[in-house]
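Notes follow the structure.
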Amino acid sequence: MLMRGFSLLETLIAMAISSILLLGASRFLPSLQFGIMQQMRQQTLEDDLWQQLFTVAKHLQRAGYCAGDSCHGEPLYLTPKGDCLIVRWDGNSNGQWETSPADEADSIGFRLKSGALETHRGATTCEGKGWDKMSEPAAMTVTGFQVLQTAHSGFPPEFAIVLSASTGRGETANAQYGVTGYNL
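Under the working numbering, think of the first position of the sequence shown as 1302, with each following residue one higher.
Written out as structure tokens, the structure is:
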């Protein structure tokens, strides 16, 4: 007589082997998921940091632009420590750096205060109120902001923007970007 199928012993052995494999997989998946979540938080932190860095760099590259000869004043103010920056440029190409109204002013400032990079359109000084946070402090704490200027005789100045941040969960990120002030 020809028998087909599995015997009871073969079925029990197959079930024991598959149970061991599933148990191993169930122990591995949570650690894999934790690693993926940690990598996503790190990537989000770095993306936010670079977005802020590129925003500062874009304005720094525009510093000093004037469509005419009527722009008066300093196109760039940088504190000695490099932790506050105010740039001026002719945003509407009308040949002058406007100071009012504040929402149309041709100056913008960036500073580090209370763990956040702040910006203020129409800034004339690094002090005072009216500055807006560029990030959500609960999600990211900016731990360092510095703009370093390097002058070369006969050439436009070069700037290095250094930004560092951390999260409450221990992820950290540092970024540095260089730009040239062609209009300065």
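From the three backbone atoms N, C-alpha and C, an ideal C-beta is built for every residue, glycine too.
Per the coordinates, the alpha-carbon of Q1343 lies some 36 Å from the alpha-carbon of N1484. Taking 7 Å as the cut-off, the Cβ atoms of G1479 and A1461 count as close. Following the DSSP letters along the chain, one finds S1415 in no alpha helix (DSSP H), marked with neither H nor E. Between D1349 and M1441, the C-beta gap is smaller than 7 Å, which places the two residues in contact. With respect to the 7 Å criterion, A1474 and E1347 are classified as neighbours on the basis of their beta carbons. Check the Cα spacing between N1395 and each of A1476, F1307 and C1372: the tightest is with C1372.
The residue from Q1352, A1315, G1445 and E1428 with its alpha-carbon nearest to that of G1416 is G1445. In the structure shown, R1363 falls within a helical segment according to DSSP collapsed to helix, strand and coil. One thing to note: A1466 has its Cβ no nearer than 7 Å to the Cβ of V1448. DSSP lists S1408 as the beta-bridge partner residues of R1389. In the displayed model, L1485 falls within coil according to three-state DSSP, outside both helix and strand. W1390 and F1329 have their C-alpha atoms some 56 Å from each other. Pairing L1354 with Q1477, the inter-Cα distance amounts to about 8 Å. Judged by DSSP in its simplified three-state form, T1444 adopts strand. Taken through DSSP and simplified to helix, strand or coil, F1355 comes out as helix. Membership of F1460 in the beta strand (DSSP E) is indicated by the continuous run E1459 to S1467.
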